[in-house]
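**Q** Take a look at this one; I'll ask things after.
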């Protein structure tokens, strides 16, 4: 079983009007859950229930100076910088380069850019020396389709998460990840 360190931010409280519209519209529900921070909680719950090896450490809400990611999976030889996107269905680029859902009416931000920036700074810091660092975005509300250009980070659909982690995490690699790296990115 993987080791887990750090803690996630509390989910925001839902306003009354948003609660009512969430009951009527699936898009409103997903938008409310996106704004409230459901994605990282859903992803962390799934990772906790998976049978990840003992030599994997999950760092919740890792911090590097002023940068944050939703979580990092640290394994021997590899670090996955993961941001959760709590959305399902079609996505497209917006006018300012942001990802949008619901035919352009919902701003989804750029979780791929945030993951890439965190991964770049992690490599630049020297803490991940000798480790492969990969930025990833996981869609936690279901599967997504992106009709824009190539995302900056790998986009992993919810239904493919298990297969992706099996392929991405080194199998049969002995040893434990560097404690210095884990200590440095774990929130205080």
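In the working numbering, the protein residues as written are 123 to 310.
Note that beta-carbon positions come from the ideal geometry of N, C-alpha and C, so glycine has one too.
Computed from a prediction, not measured in an experiment: that's the story for all the values here.
Considering only C-alpha positions, which residue in the set 266, 160 and 199 is nearest to residue 292?
**A** 199
**Q** Label residue 232 either buried or exposed according to how many other C-beta atoms from any shown protein chain fall within 10 Å of its C-beta, with 16 as the threshold for buried.
**A** buried
**Q** Can you list, in chain order, the residues of its chain whose CB lies under 7 angstroms from that of residue 265, leaving out five sequence neighbours each side?
**A** 210, 279, 280 and 281
**Q** Which residue marks the beginning of the alpha helix (DSSP H) containing residue 261, and which one marks its end?
**A** It is not in any alpha helix (DSSP H) - residue 261 instead sits in the beta strand (DSSP E) that spans 254-261.
**Q** Nearest to residue 234 by alpha carbon, out of 274, 217, 176 and 309?
**A** 274
**Q** Assuming residue 240 and residue 191 form a contact by the criterion Cβ under 8 angstroms, report the distance between their Cβ atoms to the nearest whole angstrom.
**A** Rounded, the Cβ-Cβ distance is 4 angstroms, consistent with contact.
**Q** Considering only residues of the region 268-308, which uninterrupted alpha helix (DSSP H) runs meet the minimum length of 4 residues and lie entirely inside it, listed in chain order?
**A** 283-290 and 301-307
**Q** In terms of residues, what are the limits of the alpha helix (DSSP H) holding residue 246?
**A** Per DSSP, residue 246 belongs to the alpha helix (DSSP H) from 233-247.
**Q** Quick test of your reading: residue 207 and residue 164, contact by CB under 8 angstroms. State the CB separation rounded to the nearest angstrom.
**A** Rounded, the Cβ-Cβ distance is 11 angstroms, inconsistent with contact.
**Q** Report buried or exposed for residue 146, applying the criterion of at least 16 other Cβ atoms within 10 angstroms of its Cβ.
**A** exposed
**Q** What separation, rounded to the nearest whole angstrom, lies between the Cα atoms of residue 205 and residue 248?
**A** 22 angstroms
**Q** In angstroms with no decimal places, state the Cα-to-Cα distance between residue 181 and residue 174.
**A** 14 angstroms
**Q** Residue 133 and residue 170: beta carbons closer than 8 angstroms?
**A** Cβ distance not < 8 angstroms, so residue 133 and residue 170 don't count as in contact.
**Q** Which full runs of the beta strand (DSSP E) of 3+ residues lie inside the region 133-190, going along the chain?
**A** 179-182
**Q** Contact defined as beta carbons within less than 8 angstroms: I believe residue 250 pairs with residue 201. What is the distance between those atoms, to the nearest angstrom?
**A** Indeed they touch by this definition, with Cβ atoms about 6 angstroms apart.
**Q** Tell me where the beta strand (DSSP E) around residue 223 begins and ends.
**A** 221-223
**Q** With 16 other CB atoms within 10 Å as the buried threshold, where does residue 219 fall?
**A** So residue 219 counts as exposed.
**Q** Is the beta carbon of residue 304 less than 8 angstroms from the beta carbon of residue 149?
**A** Taking C-beta atoms as the reference points, residue 304 and residue 149 fail to come closer than 8 angstroms.
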